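Engineer: Here it is, the structure in full.
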Amino acid sequence: MARLGAKVSFVGKLGNNEFSRFAINEFSQEGVDTSGIIKEEKAGPYFAFIVVDEKKGSRTIWWTDQMVSRLKEEELSKDFITSCQILHLDEYDLPAALLAATWAKEVGVETVLDAESPQRKELLPLIKLIDFLIVPEEFAVGFSGTTNVEKAAEFFLKRGPRVVVVT
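In terms of the UniProt record's numbering, the sequence shown opens at residue 1 and continues consecutively.
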């Protein structure tokens, strides 16, 4: 989004290691505001390898979160969160994401959730606060308990999001 001219900020924890420095440098080069980064010595970003099979039209992602340090609720800045126009969240720091989404809703900030883990039923309170839900097909059908993607999307639409995107 920063490449398209939008003002973008990142909130999370990164440390003093090669992967963190790489991430911060890339953010900076792309015009992403990094003032929301909390420095924690051994923290690092998610790390992923993506393999694309062009013949099958599929992809496989191998990833690890071994270096990731979870963002805690008390580490969030309400002023920072409520000053944005759109808040994009993931499911991994759930208590912090829930608090951030609550603050965002209070002041009319639009919220986006990119979720992946259908077995995490505790995501429902967060989903109820979300305007735009983005989920893979496996999540949509697994979480909703249906095998039909359209019915899965309807399941989510009845629970809060204005828009549901199933990939």
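Built from N, CA and C at the ideal position, the CB exists for glycine as well. From a predicted model like this one, the values you see are computed outputs, not experimental measurements.
Using a Cβ-Cβ cutoff of less than 7 angstroms, which residues in the same chain neighbour Val149 once the five nearest sequence positions on both sides are dropped?
Structural biologist: Same-chain partners within the cutoff: Glu137, Ala140, Val141, Val166.
Engineer: Can you list, in chain order, the residues of its chain whose CB lies under 7 angstroms from that of residue 172, leaving out five sequence neighbours each side?
Structural biologist: The first residue shown for the chain is 1 and the last is 167, placing residue 172 beyond what the model contains.
Engineer: Straight-line CA distance for Gly15 to Glu75?
Structural biologist: Each residue's alpha carbon lies about 15 angstroms from the other.
Engineer: Which residues does DSSP list as the beta-bridge partners of Ala48?
Structural biologist: The partner list for Ala48 (beta bridge, DSSP) reads Trp63.
Engineer: List the whole-angstrom C-beta distance separating Ser9 from Pro45, where the pair is believed to meet the contact cut-off of C-beta under 8 angstroms.
Structural biologist: Not a contact, Cβ separation roughly 16 angstroms.
Engineer: Quick test of your reading: Leu126 and Leu87, contact by CB under 8 angstroms. State the CB separation rounded to the nearest angstrom.
Structural biologist: Not quite, the Cβ-Cβ distance comes to about 12 angstroms (not below 8 angstroms), so this is no contact.
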